[in-house]
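In what follows, a single structure is set out as structure tokens and then discussed.
Numbering (the numbering used here), first residue to last: 17 to 201.
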């Protein structure tokens, strides 16, 4: 029987984590699966086949999760790292978002909302014609965050990070102070 080499799968899915090889993770995740084993009870064959399929699907889903192979302690540390990035107003990577989606769907939705609002502010600032207009956009964005918003701390931090980066950009430096009035002919 030919066994495929899956050693590059782990590095492709999780480039920053190299603790166990993909083959080791696949072996441990599929160890409990009865797929391909001889069955001695023919009356339960359909039930066992369905359970095998579910087990394989579950194992594949776990392999694709960024939390694959992490201990509970490592998951807590990674979640703390993600929360620290959110508090600092930094963008989360794709893997960090996938981790949240798999491990904390509520926080994932909130982080996705922060990312969407952050991107919206970046786009609005990119369309500004003057420093004065950019200041208005920044003020509007910051004042639109509700006091009751559960993600207020993260939103304000993200907005502030975008504003600081924009003010340091060459694009902002090239803008006139005030918008030039269009002269009528």
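Idealized CB from N, CA, C, for every residue including glycine.
Just so it is clear, the structure is predicted and the values come from calculations on it, not from any experiment.
Residues near residue i in its chain [Cβ-Cβ closer than 6 Å; skip 5 each side]
i, result
"residue 191", "146 and 147"
"residue 179", "154"
Spatial neighbours of residue i in its chain, beta-carbon cut-off 7 Å, leaving aside the 5 residues before and after
i, result
"residue 157", "137 and 175"
"residue 105", "173, 174, 176 and 177"
"residue 171", "130, 133, 161 and 165"
For residue i, the three-state DSSP class (helix, strand or coil)
i, result
"residue 104", "coil"
"residue 145", "coil"
"residue 133", "helix"
"residue 192", "coil"
"residue 110", "helix"
"residue 163", "coil"
"residue 155", "helix"
"residue 120", "coil"
"residue 34", "Low confidence applies to residue 34: its pLDDT is 49, below 50, so where it sits in the model is not reliable enough to give any reading."
Other residues of its chain near residue i: CB distance less than 8 Å, five sequence neighbours each side excluded
i, result
"residue 167", "126, 129 and 130"
"residue 193", "146, 147 and 148"
"residue 117", "124"
"residue 108", "98, 101, 102, 116, 127 and 131"
"residue 201", "Any reading at residue 201 needs caution, since the residue's pLDDT is 46, under 50, leaving its predicted position unreliable; the model's value is listed next. For residue 201, where only same-chain residues beyond five positions count, there are no Cβ hits under 8 Å."
For residue j and residue i, believed in contact at Cβ under 8 Å, the rounded distance
i, j, result
"residue 119", "residue 101", "About 15 Å separates the two Cβ atoms, so there is no contact after all."
"residue 140", "residue 153", "5 Å"
Inter-residue Cα distance where the pair is residue i and residue j
i, j, result
"residue 161", "residue 103", "15 Å"
"residue 195", "residue 150", "10 Å"
"residue 186", "residue 97", "31 Å"
"residue 15", "residue 165", "Absent from the model: residue 15. The displayed extent of the chain is 17 to 201, so no value can be given."
"residue 188", "residue 93", "37 Å"
"residue 115", "residue 181", "27 Å"
"residue 88", "residue 112", "16 Å"
"residue 163", "residue 169", "10 Å"
"residue 23", "residue 122", "Caution is warranted here: a pLDDT of 47 is assigned to residue 23, below 50, making its placement in the model unreliable, and the coordinate value is therefore given only provisionally. So the alpha carbons of these two residues sit roughly 33 Å apart."
"residue 143", "residue 183", "14 Å"
"residue 95", "residue 110", "14 Å"
"residue 85", "residue 159", "43 Å"
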